Amino acid sequence: KMETTTAGRSKSDLFYIISVATIGLLIIIVSYIGATHIQSSYKTTYACINNDANKYRLPDRPIIPNHYELVLKPDLSALNYSGSVKIDILVLKKTKCVFLNMEDITIQSLKITQESKQFKITSTLYDPIYTTLEINLNEFLAQGQSYVIEIDFTANIRNDLRGFYTSTYARNNVTQRIATTQFESEDARTAFPCFDEPNLKATFEISFHIKEEDLSTMPKFVALSNMPEKEIVVLEDGIKLHRFQRTKPMSTYLVAWVLGEFESIEDVYDGIHYRVFTLPGQVESARFALATSMQITDQFNTFYGIKYAFPKMDLIAIPDFRAGAMENWGLITFRATTLLVDETTTSSQKEDVAEVIAHEIAHQWTGNLVTADWWTHLWLNEGFATFFETHSLDAVHPEYKRWQKKLTNTVQVALRSDALSTTHPIVNSANSPAQIDAIFDAITYSKGGSILYMFMNYLGENDFRSWMRNYLTAHQFNNTITDDLFRSLADYKKDDSLIRKFKSWTHQSGYPIITINLDQDGKSYILSQKRFYSRPQSSSNRESEIWWVPLRAKLSDGSLKTFELDSTLARIQLPSFDYVKLNADQTGFYRVNYSAELWNLLLKSFGALSLEDRIGIIDDLFALTGAGEIKINLVLSALETICEHQNDLVIWETIISNLNQISNLISRESGADSFSRFVLNVIAPMRQRVGWDPIPDESNDITQLRPLIIATTMSNDHKVDIDLALYKYYTNQTIPVELRSSVYNAVVRNNGMVGYESMLERFKNAQSDFEKSRCMYALASATKPSLLKRTLELALGPDVRSQDAGSLIRQVARSPYGMDIAWDFVNQNYQLILNKIGERQFHGQIVGGVTTRFSTQIKYDAVKDLFSSRAKGQALDQALDTILANQFWLQKNYYDLSVYLDKYSKQVIN
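So for the sequence shown, this note's numbering puts the first residue at 9; every next one is plus one.
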């Protein structure tokens with residue numbers, strides 16, 4: 009009995025122990041999921057759950073924030089901080105639940121109050137996937153009432169270029185540290201608990217407690233935020249309290265601060281205090297930015313009729329910065345190379361700096377004052393800034409000819425990207441962080457800006473300006489969707505049909521190709537439209553793919569005819585002419601194909617066309633060849649005829665960009681050398697005109713053409729120019745800053761280990777950010793595998809900032825010698841690269857960047873295998889689509905190209 013009783017008790021005890029252990033484990037798991045990062049004794053329950061289908065979003069407006077009082081106490085040595093935030097909220101719908109966002113934050117205390125009453129919190133639930141904190145109460149928060157959420161928290165200052173992060177630089181061989189922010193699109197939640205969605209605007213009052221020991225190492229310490237400093241108060245223990253004025257209502261992603269040692273220059277104009285901040289010793293390079301920021305802001309004040317909303321505008325160069333720049337309201341952050349101008353800056357780089365400044369200042373109205381309701385409508389921020397950067401800069405610096413350059417650096421970029429079958433509409437669904445990151449792309453920026461340019465030319469400058477003023481005035485300090493924009497126009501013009509017309513460009517993917525043929529009667533012309541693809545598609549819903557197209561036709565007598573195409577087919581009447589050029593001056597976002605007869609007439613009169621029309625014709629010819637619409641020999645024979653008399657920079661940028669694309673595709677084919685000789689012959693007349701040495705009082709076009717032409721000759725193995733470049737470099741001759749990139753690339757490409765080591769030393773010793781950058785990228789020009797591997801390893805080492813590592817890897821992959829080496833490197837070092845640059849930059853730079861030259865099924869399968877489980881989404885889809893487009897180009901064009909080059913070579917020899 010003893011044995012039986014003991015055995016029976018043992019089984020019962022075992023069952024009891026297992027049951028208790030299981031329950032205990034479940035409690036631990038639930039408690040962790042529900043209360044991780046929250047150091048409190050609240051019981052975790054599931055009393056209130058976000059039932060929205062999209063859990064990345066906060067529940068639909070039961071609560072809105074009105075004001076944040078944020079106090080941070082950073083330890084800049086230990087790289088952590090404590091903080092408190094008081095959020096004044098308004099309840100729109102009675103609720104027992106409060107949802108807000110946070111990530112990588114530990115809550116020390118939490119309460120919700122109304123005047124003297126504190127509400128009992130029954131449970132909290134933190135979701136680490138959706139980065140939401142749910143707070144459950146024992147009683148309802150009443151509709152229409154205001155309350156305060158008070159949270160004390162701690163967190164680390166990050167090192168991954170997002171949220172509240174640290175950036176370093178060297179001074180006198182000592183590492184110096186600053187702390188700064190980058191919150192777009194949804195990283196404010198990593199710095200403080202908040203309602204981190206763009207349509208939940210609020211005002212902010214921000215304060216910092218800075219420790220005396222941090223200040224002792226930084227004699228020129230400054231604390232900056234969106235608004236001017238209200239006061240500095242010395243507290244006990246030498247702590248300084250920096251308190252800033254209250255902001256206007258704004259989105260959380262625009263909140264910003266910078267803590268560190270900086271120098272600045274400043275000025276006041278029209279009541280606005282302008283300052284530009286640099287690292288110590290660099291402030292003289294900020295003068296161009298200061299002048300430009302004042303000019304551009306004044307231009308926008310005039311154009312919009314709405315004055316800049318904040319009392320000050322700070323621009324600051326950050327050593328480590330993921331983006332090119334960020335439009336934080338009142339505190340705009342930049343990379344040094346997008347803000348500063350010094351003696352190592354080329355004229356084209358100086359123009360680019362001005363354009364980046366204009367882009368970010370444009371956001372102070374379109375993006376900050378009026379903000380896209382959700383990232384689905386991001387183009388209302390970025391497409392607008394892309395358009396208005398040029399609109400404003402052309403008014404301030406017409407000599408830059410930015411509208412012409414817009415055709416090459418914006419419109420053509422968008423046309424190429426939007427020709428892929430994997431493109432997306434401008435207004436796109438984006439919910440998860442990965443989806444949101446993916447739409448910061450050429451469609452949102454470049455296509456968005458391009459269609460605004462088309463709309464302006466259709467409406468006329470005056471109506472366009474009135475539309476913009478009405479839209480911004482009606483929605484200032486609020487959020488909008490695309491329908492709000494078009495409704496504003498329809499109301500102004502009293503024409504509701506404009507909404508449907510304009511939405512055909514924002515709510516469907518792609519763009520049309522317009523084909524024009526002479527009708528059989530010889531008096532009228534047949535126009536047709538269909539979607540343009542970079543490679544033919546097996547199926548497409550053609551009936552639904554119709555765009556409203558504002559057509560402009562220029563005739564040989566200089567007259568301009570306008571039409572609207574709103575169907576797949578149309579017949580138009582035109583007077584007698586020698587030629588017709590559709591899409592006159594390239595104001596429309598579409599391509600044009602002509603019948604053979606009309607092409608011949610147009611090309612015969614090529615020299616009589618406007619610069620914009622010549623750019624459009626050349627780019628359309630190359631694109632139509634790639635898509636299999638016309639034969640490549642038509643393009644190349646046209647180049648032979650027209651290139652000799654072209655002197656404009658943007659023409660040559662278009663020609664060389666397209667020729668380089670062909671060179672990339674055939675670099676391993678037998679015809680590569682013959683094509684290089686063809687390229688050299690095509691550009692030979694221009695090479696003779698630009699020479700190597702600057703000419704006094706030469707035009708800006710020639711100054712910028714020279715490095716483009718010489719870089720092209722040397723990349724196509726022009727021995728005379730290569731020898732001259734090496735001679736100038738090794739005899740320590742002064743190399744004009746405009747030509748340094750070309751010369752540096754030639755040194756590394758043509759002088760093996762000696763050239764590589766020389767450039768590596770120059771890279772490590774360079775003081776200027778511009779000089780350091782051009783030396784770094786030159787290292788990707790090596791031809792020996794061992795040297796290219798060193799460059800790739802350098803990208804992951806301490807000498808290359810994480811912001812530049814992905815770009816350097818991509819640069820290696822663009823070389824015919826480095827494409828496979830870079831691919832193998834990514835395969836073997838996937839996690840190391842991810843750790844260095846982060847997931848967002850990996851998707852944006854690596855997935856498409858290292859695969860852009862691939863054109864075989866083997867590579868297609870390899871790319872799909874490597875990334876399908878790691879980088880699903882738009883980046884992978886477009887990389888695979890690009891490989892198929894490259895493959896199609898070779899299948900369709902390489903034989904004809906070989907035949908043409910063979911005949912061409914014989915003609916040249918004879």
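A virtual CB, placed ideally from N, CA and C, is assigned to each residue, including glycine. Source: prediction; values computed, not measured.
* To do: Would you give the residue range spanned by the beta strand (DSSP E) that residue 602 belongs to?
  => 599–602
* Complete alpha helix (DSSP H) runs within the stretch 828–910 (minimum length 4 residues, chain order) -> 838–849, 865–875
* Would the stretch 680–694 and the stretch 647–659 be scored as touching if the rule is three or more Cβ pairs under 8 Å? -> Yes: at least three Cβ pairs fall under 8 Å.
* **Through-space distance from residue 738 to residue 919, alpha-carbon basis** => Outside the modelled stretch of the chain, which goes from 9 to 918, sits residue 919, for which no answer is possible.
* Quick one: residues in its chain with C-beta nearer than 8 Å to the C-beta of residue 228, no 5 flanking neighbours on either side, listed in chain order? => 269, 270, 271, 288
* To do: Confirm, please, whether the CB-CB distance from residue 266 to residue 346 is below 9 Å.
  => no
* May I ask which residues mark the beginning and end of the beta strand (DSSP E) holding residue 8? => An answer regarding residue 8 cannot be provided, because it is not within the stretch 9 to 918 covered by the chain.
* Exposed unless 16 or more other CB atoms sit within 10 angstroms - verdict on residue 377 -> buried
* Exposed unless 16 or more other CB atoms sit within 10 angstroms - verdict on residue 359 -> buried
* With a cut-off of 8 Å on the beta carbons, I'd call residue 301 and residue 214 a contact; round off their distance for me. => With a Cβ gap of about 23 Å, residue 301 and residue 214 do not count as contacting.
* To do: Would you give the residue range spanned by the alpha helix (DSSP H) that residue 919 belongs to?
  => Outside the shown range of the chain, which is 9 to 918, sits residue 919, and nothing can be said about it.
* Asked: Counting along the chain, where does the beta strand (DSSP E) carrying residue 146 start and finish?
  -> 140–149
* Sheet register partners of residue 379 (DSSP bridge) -> 487
* Of the residues 741, 528, 577, 344, the one placed nearest residue 520, counting alpha carbons only -> Ranking 741, 528, 577, 344 by Cα distance to residue 520 puts 577 first.
* Asked: What number of angstroms, rounded off, separates the C-alpha of residue 485 from the C-alpha of residue 341?
  -> 22 Å
* To do: Return helix, strand or coil for residue 265, following the three-state DSSP convention.
  => strand
* **Reference residue 883, options 860, 900, 864, closest by Cα** => 860
* If you draw a straight line from the C-alpha of residue 438 to the C-alpha of residue 913, how long is it? -> 52 Å
* Cutoff 8 Å; reference residue 202; Cβ partners in own chain excluding five residues on either side -> 73, 76, 93, 95, 108, 109, 110, 196, 260
* Asked: In or out: residue 449 buried (at least 16 other Cβ within 10 Å) or exposed?
  -> buried
* What residue does the beta strand (DSSP E) around residue 545 start on, and which one ends it? -> No beta strand (DSSP E) holds residue 545; DSSP gives it neither H nor E.
* On the three-pair Cβ rule with 8 Å, is the stretch 885–895 touching the stretch 472–490? -> no
* CB residue 814 to CB residue 792, shorter than 9 Å? -> no
* Where residue 525 falls: helix, strand or coil (DSSP) -> strand
* Under a three-way DSSP split, which group does residue 15 fall into? -> Here residue 15 scores only 35 on pLDDT, less than 50, and its place in the model should not be relied on; the value that follows carries that caveat. Note: residue 15 maps to helix in three-state DSSP.
* Rounded separation between residue 824 and residue 767 - CA only -> 20 Å
* To do: Can you give me the Cβ contacts of residue 400 inside the same chain, cut-off strictly under 8 Å, excluding the 5 residues immediately before and after it?
  => 304, 307, 308, 311, 366, 369, 370
* Asked: Helix, strand or coil: which one does DSSP assign to residue 784?
  -> If DSSP states are grouped into helix, strand and coil, residue 784 belongs with the helices.
* Asked: Hey, residue 66 and residue 205 are a contact pair by Cβ (cut 8 Å); roughly how many whole angstroms apart?
  -> 6 Å
* Check whether the Cβ of residue 906 lies closer than 8 Å to any heavy atom of the ligand NAD, and answer yes or no. => Of the ligands one can find in the structure shown there are none, so the ligand NAD has no counterpart to examine.
* **Per DSSP, the bridge partner or partners of residue 538** => 521
* Asked: Can you tell which of 572, 592, 581 has its C-alpha closest to the C-alpha of residue 566?
  -> 592
* Determine which residues share a DSSP beta bridge with residue 241 and list them. => 249
* To do: Assess, as a yes-or-no matter, whether the stretch 112–121 is touched by the stretch 144–163 under the definition of 3 or more beta carbon pairs within less than 8 Å.
  => yes
* With DSSP as the reference, label residue 79 as helix, strand or coil. => strand
* Cβ-Cβ distance between residue 78 and residue 191 below 9 Å -> no
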